[in-house]
Amino acid sequence: MPLPQTVQRPTLSLVLPIYNEEQVIPELDKRLKSFLSGVLDVGGSWEVIFVNDGSVDASPRLLDQLAANEARYRVVHFARNFGHQAAITAGLDRAEGDAVVIMDADLQDPPEVVSDMLEKWREGYDVVYGVRSKRHGEGIFKRFSAAIFYRVMVAALGVKLPVDAGDFRLMSRPVVLTLRSLRERHRFMRGLVAWVGFRQTSVRYERPQRFAGETKYPLHKMVRFAFDGITSFSTAPLKLATWVGAFSGLGAVAIGGWALYVRLFTDKTVQGWTTLMLLLALSTSAQMLMIGFLGDYVGRIYEEIKNRPLYIVAKETVIEDERPGQLLP
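As C-alpha cells, this is what we get:
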C-alpha cells in the first residue's frame, strides 16, 4: 500500500516476522523504542511492521496492543502460518522507508546493530548484511551444522551468498522495489538479495542467545530450507544425475570386466548372486535419488503455474497519527 503524497516517507522501516513470540514481545518493544529514540535524535523517522505468521499463542493480542499505543507500529496478521520467508515478503511489500531492515523478533538480531548498518547505507551501500562473528547460547552441533549449511549453499547456489549471514540485513529502497517484483513461490530471500546485485557490504556482530522461547528452525526445517535454497537458485542436483549415472556406468563396466576375466582366464567360480544384488541396489538407489530430484523440480513448476498468492492477510492493524516525530506514551 503506497503512502499518500501528503505523508512523508520514513527514513527507516523495520520488518519483523512473528511466530509464537509472546514471551519476547514486551522486551522487544522496550528494545525497539530505546533504539529508535536514538534514531530520531539524528533526524530520522521510522516505522515498524510486525508480520504475525499465524501465531497460536498470545502474540496477535500483544501486537495489537502495541500498535494501539504506538502509531508507527503496524501489524499484519496472516490467515494461517505461511512461513518465515512469506512473512518477510509481506513486510517488504508494505515497507515505505528509504532503508528497510529485516530482523528476527527473538532479539538474536540486536536492534542496536542497525545503527552500524545505517552508517554503511549513508556511505552509499544498498545492502548491508549482518555477519555473525560469534553465536552465543548454541551447542557444538548447531554451530557445526550452521557452518556446513552456509558453505554448502555458497558452493551450490552460483550466486555470491555471504557466509554466516542470515536474513538480518538493511536494504535500500531500490533493492526493496526490485525484490517486490520477484514473486516466485519457493522463496529464499538471502539468495534473492544476493542475486539482484547492487552495492553490498557487511557489518560484524556477536549473536546473543535467544531472549526466551524456542527456536523456530529445528534441524528438519533447516534441511528443508537448505534444499529450497539450492533448488531455487541452482540446477546442481540435476547435473548431479549425470555424474552419478556416469560413475555408476563406469563401476558397472569395471565389475563386468572383472567378472568376465575371472570366468574366461581363471578356474574360480564367480558367485554372481551377491554381485548382482549389490549392482541392483546401487543402480536402483541412484535412480530413485535422481527421480526424487527431478520430481521436486517438476513439483515446483506445478506450484508456480498455479499462481496462488504468497500469503493471505486476515487483518491489518494500522493506527493513523499526525505526529511522525514523537513516541506515543
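For the sequence shown, the numbering used here begins at 1 and goes up steadily by one. No residue lacks a Cβ here, since even glycine has one placed at the ideal position from N, Cα and C.
Among all the DSSP beta bridges, which residues are the ones paired with ALA99? Taking the sequence shown and counting its residues from 1, one reaches residue 99 at position 99. Answer by DSSP bridge pairing, in chain order: LEU12, SER172.
For LYS160, collect the residues of the same chain with a Cβ closer than 7 Å to its Cβ; drop the 5 residues on either side in sequence, then sort them by chain order. Taking the first residue of the sequence shown as position 1, residue 160 is located at position 160. Cβ within range, chain order: ALA194.
Nearest to LEU179 by alpha carbon, out of LYS134, ALA95, GLN287? Position 179 of the sequence shown, counted from the first residue, corresponds to residue 179. Answer by Cα proximity: ALA95.
Which residues bound the beta strand (DSSP E) around GLN200? Position 200 of the sequence shown, counted from the first residue, corresponds to residue 200. GLN200 -> beta strand (DSSP E) spans 200 to 207.
VAL113 versus GLY130, LEU28, GLY97, residue with shortest Cα-Cα distance: Position 113 of the sequence shown, counting from 1, holds the residue named residue 113. VAL113 has its Cα closest to that of GLY130, out of GLY130, LEU28, GLY97.
Leaving out five residues on either side along the sequence, give the residues of the same chain with a beta carbon under 8 Å from the beta carbon of SER115. Residue 115 sits at position 115 when you count from the first residue of the sequence shown. Result list for SER115: PHE35, GLY38, VAL39, in chain order.
C-alpha distance - ARG224 paired with GLU184, whole-angstrom precision: Residue mapping note: residue 224 aligns to position 224 of the sequence shown, counting from 1. Residue mapping note: residue 184 aligns to position 184 of the sequence shown, counting from 1. Rounded to the nearest angstrom, the two C-alpha atoms are 17 Å apart.
Let me know the secondary structure DSSP gives GLU47 once reduced to three states. The residue you call residue 47 lines up with position 47 of the sequence shown. Assignment of GLU47 by DSSP, reduced to helix, strand and coil, places it in the strand class.
How about VAL203 and LYS120: do their beta carbons lie closer than 8 Å? Numbered from 1 along the sequence shown, position 203 holds the residue referred to as residue 203. Numbered from 1 along the sequence shown, position 120 holds the residue referred to as residue 120. Closer than 8 Å, so yes.
Between ALA286 and GLY54, what straight-line distance do the alpha-carbon atoms span, to the nearest angstrom? In the sequence shown, residue 286 corresponds to position 286, counting from 1. In the sequence shown, residue 54 corresponds to position 54, counting from 1. Here the alpha carbon of ALA286 sits roughly 39 Å from the alpha carbon of GLY54.
So, with DSSP's three-state summary, where would you put ASP167? Taking the first residue of the sequence shown as position 1, residue 167 is located at position 167. Strand, per DSSP.
Rounded to the nearest angstrom, what separates LEU14 and GLU22 at their Cα positions? Here the question's residue 14 lines up with position 14 in the sequence shown. Here the question's residue 22 lines up with position 22 in the sequence shown. If I take the Cα positions, the gap works out to 19 Å.
Quick check: what's the CA-CA separation for HIS84 versus SER283? Numbered from its first residue, the sequence shown carries residue 84 at position 84. Numbered from its first residue, the sequence shown carries residue 283 at position 283. C-alpha of HIS84 to C-alpha of SER283: approximately 38 Å in a straight line.
Please report the residue range of the alpha helix (DSSP H) in which VAL56 lies. Position 56 of the sequence shown, counted from the start, is the residue given in the question as residue 56. In this chain, VAL56 is not harboured by any alpha helix (DSSP H), its DSSP state being neither H nor E.
So ARG132 packs on TYR205, CB below 8 Å; how close in whole Å? The residue you call residue 132 lines up with position 132 of the sequence shown. The residue you call residue 205 lines up with position 205 of the sequence shown. About 7 Å separates the beta carbons of ARG132 and TYR205, which is inside the 8 Å limit, making them a contact pair.
Residues bridged to ASN52 [DSSP beta-bridge criterion]: Working through the sequence shown from its first residue, we reach residue 52 at position 52. Answer by DSSP bridge pairing, in chain order: ILE18, HIS77.
From the DSSP secondary-structure annotation, give me the bridge partner or partners of TYR129. Stepping through the sequence shown from its first residue, residue 129 is reached at position 129. DSSP, once it has assigned bridges, lists ARG169, SER202 as partnering TYR129.
Nearest-angstrom Cβ-Cβ length linking ASP109 and PHE188, presumed shorter than 8 Å: As a first step, residue 109 is located in the sequence shown; it is residue number 109 there, counting from the start. As a first step, residue 188 is located in the sequence shown; it is residue number 188 there, counting from the start. Not a contact, Cβ separation roughly 18 Å.
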